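K.L.:
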Amino acid sequence: MTSMNNRRRNAPGIEWPTVVLAFFCYGTWLAAGLFLWPSYPLLALVVLALMAALQSSLAHEVLHGHPTRNAQLNEAFVFLPIGLVWPFRRFKTIHLRHHADERLTDPLDDPESYYKALWHHDELPPAMKFLLKINNTMIGRLILGPWLSCIGFFIDDAKQVLAGDKMIRKAWLLHAVGLAVVLPVVQFGFGIPLWLYILVPVWLGQSLISIRTFAEHQWSEHPEGRTVIVERSPLSFLFLNNNLHFVHHKSPTVAWYRLPKLFRERRDEWLRMNNGYAYPNYLALLKAYAFKAKEPIVHPVLRRTPEPGRAFKPRVRARSLNGLGSAPVPAEPPKE
37 MTSMNNRRRN
47 APGIEWPTVV
57 LAFFCYGTWL
67 AAGLFLWPSY
77 PLLALVVLAL
87 MAALQSSLAH
97 EVLHGHPTRN
107 AQLNEAFVFL
117 PIGLVWPFRR
127 FKTIHLRHHA
137 DERLTDPLDD
147 PESYYKALWH
157 HDELPPAMKF
167 LLKINNTMIG
177 RLILGPWLSC
187 IGFFIDDAKQ
197 VLAGDKMIRK
207 AWLLHAVGLA
217 VVLPVVQFGF
227 GIPLWLYILV
237 PVWLGQSLIS
247 IRTFAEHQWS
257 EHPEGRTVIV
267 ERSPLSFLFL
277 NNNLHFVHHK
287 SPTVAWYRLP
297 KLFRERRDEW
307 LRMNNGYAYP
317 NYLALLKAYA
327 FKAKEPIVHP
337 VLRRTPEPGR
347 AFKPRVRARS
357 LNGLGSAPVP
367 AEPPKE
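Those letters in the sequence shown? Residues 37 to 372, per the numbering used here, in order.
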């Protein structure tokens with residue numbers, strides 16, 4: 037922790053590579069829509085998808101306190117949601133909660149876990165169980181994953197807004213302001229039908245991010261063994277080096293462009309620390325799990341029995357990074 041704090045104190049006031057990256061992302065997005073789309077529509081759609089994915093990675097970088105030491109200024113760098121789906125402040129709250137490594141993969145306390153609690157899975161209709169089974173393969177995750185995660189997220193947030201959560205409502209209102217800029221640009225500035233923008237750049241952009249998230253975490257008795265390292269990939273830039281995900285989890289304040297050097301300097305130590313949960317590249321993952329589930333749907337250890345109150349009062353009022361909101365009801369893992 038001390039070394040992490042020292043790195044934060046020694047970090048530059050403005051991380052210019054990230055600033056340049058933000059201008060590159062939005063500038064390329066505009067250029068693809070304004071200049072590529074009229075003459076090369078297929079190429080334009082691919083570039084727009086790549087920029088939607090890059091903007092998602094950039095939002096992840098920003099929520100961790102980059103590229104400046106001012107949170108409001110940082111948020112301005114990713115305020116326009118060209119990927120349409122995720123409100124930045126919701127992403128920030130959810131993802132920072134996910135960084136509690138001792139709770140990683142918990143179906144209830146880790147908001148980014150793909151595991152289900154046993155009793156929750158048992159209550160699902162057969163059609164949903166079938167979709168989750170497909171979603172646990174890598175090809176299924178690329179095709180179905182964006183839709184399942186978005187729909188579930190929308191429903192959950194709508195319920196919380198209706199229940200009176202003002203911070204979630206504010207996050208969505210700010211997101212709506214950004215959409216009020218992005219959607220007219222796409223429809224009238226680019227001339228791209230919104231349905232096509234959703235079905236190609238948005239869907240494909242999220243699918244690209246799903247390549248990274250597919251195997252980021254697995255259950256392990258030891259928290260260090262729950263987070264993956266993918267050593268090399270041509271997608272590293274698109275993911276802002278988050279393929280080195282264990283390094284990021286252990287050093288979340290380190291800027292994206294410093295992660296590869298940090299990994300190279302201590303490669304053997306990093307691999308030893310995460311119990312060797314590593315792959316040489318994403319192609320190896322695809323070959324192994326294209327049509328095969330890497331993990332079970334139901335968590336193999338945690339949340340095996342129903343917990344009174346969790347189904348009816350899953351959240352409590354709490355103060356988040358953005359003010360008063362809600363948080364999951366904490367619960368200890370069942371004792372075997």
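Just so you know, even glycine gets a beta-carbon here, dropped at the ideal spot from N, CA and C. In this text the structure is predicted, and so the values were computed from the model without any measurement.
DSSP three-state call for Y325: helix, strand or coil?
P.N.:
Here Y325 sits in helix by DSSP.
K.L.:
Could you give the DSSP three-state label for A95: helix, strand or coil?
P.N.:
Residue state, collapsed to three classes: helix.
K.L.:
For P123 and Y76, I'd like the C-alpha separation in whole angstroms.
P.N.:
P123 and Y76: Cα-Cα distance of roughly 31 Å.
K.L.:
Anyone know if the C-beta pair for W255 and L276 falls short of 9 Å?
P.N.:
Cβ distance not < 9 Å, so W255 and L276 don't count as in contact.
K.L.:
DSSP has I265 in a bridge; who is on the other side?
P.N.:
Answer is A314.
K.L.:
Between G225, A329 and G214, which has its C-alpha nearest F113's C-alpha?
P.N.:
The shortest Cα separation from F113 among G225, A329 and G214 belongs to G214.
K.L.:
Return the CA-CA distance between Y62 and M87, expressed in angstroms with no decimal places.
P.N.:
Distance between the alpha carbons of Y62 and M87: 8 Å.
K.L.:
Report buried or exposed for K128, applying the criterion of at least 16 other Cβ atoms within 10 angstroms of its Cβ.
P.N.:
By the neighbour-count rule (16 or more Cβ atoms within 10 Å), K128 is buried.
K.L.:
In the DSSP assignment, what residue or residues form a beta bridge with I50?
P.N.:
T104, per the DSSP bridge assignment.
K.L.:
Taking 9 Å as the threshold (C-beta atoms), are Y318 and H253 in contact?
P.N.:
Result no, Cβ atoms of H253 and Y318 do not sit closer than 9 Å.
K.L.:
On the three-state DSSP scale, how would you describe K297?
P.N.:
Of the three classes helix, strand and coil, the one that applies to K297 here is helix, per DSSP.
K.L.:
Spell out a yes or no on whether the stretch 222 to 229 and the stretch 145 to 159 are touching, meaning 3 or more CB-CB pairs, one atom from each, closer than 8 Å.
P.N.:
The stretch 222 to 229 vs the stretch 145 to 159: no contact.
K.L.:
Smallest Cα separation from L235: which of E159, L72, W183 and L307?
P.N.:
Checked all of E159, L72, W183 and L307; the closest Cα to L235 is W183.
K.L.:
Who are K152's beta bridge partners in DSSP?
P.N.:
DSSP output for K152 lists V334 as bridge partner(s).
K.L.:
Rounded to whole angstroms, what is the Cα-Cα separation between V218 and N311?
P.N.:
Distance between the alpha carbons of V218 and N311 is about 44 Å.
K.L.:
Please report whether the beta-carbon of H134 lies at a distance below 9 Å from any beta-carbon of chain D.
P.N.:
Given the protein chain composition of this structure (a single chain), no chain D is represented.
K.L.:
So A326 packs on I175, CB below 8 Å; how close in whole Å?
P.N.:
A326 to I175, Cβ: 5 Å. Contact.
K.L.:
Alpha carbon to alpha carbon, how far is G101 from L240? Give it in angstroms, no decimals.
P.N.:
If you take the alpha carbons of L240 and G101, they lie about 27 Å apart.
K.L.:
Around the C-beta of I265, are 16 or more other C-beta atoms found within 10 angstroms, so that it is buried, or is it exposed?
P.N.:
When all chains shown are included, I265 counts as buried.
K.L.:
So, helix, strand or coil for H253, using DSSP?
P.N.:
The answer is strand: DSSP assigns H253 an E or B state.
K.L.:
Does the stretch 337 to 344 come into contact with the stretch 166 to 181, if we say contact requires no fewer than three beta-carbon pairs (one atom in each stretch) closer than 8 Å?
P.N.:
With a cut-off of 8 Å, the stretch 166 to 181 and the stretch 337 to 344 do not count as touching, because too few Cβ pairs lie within range.
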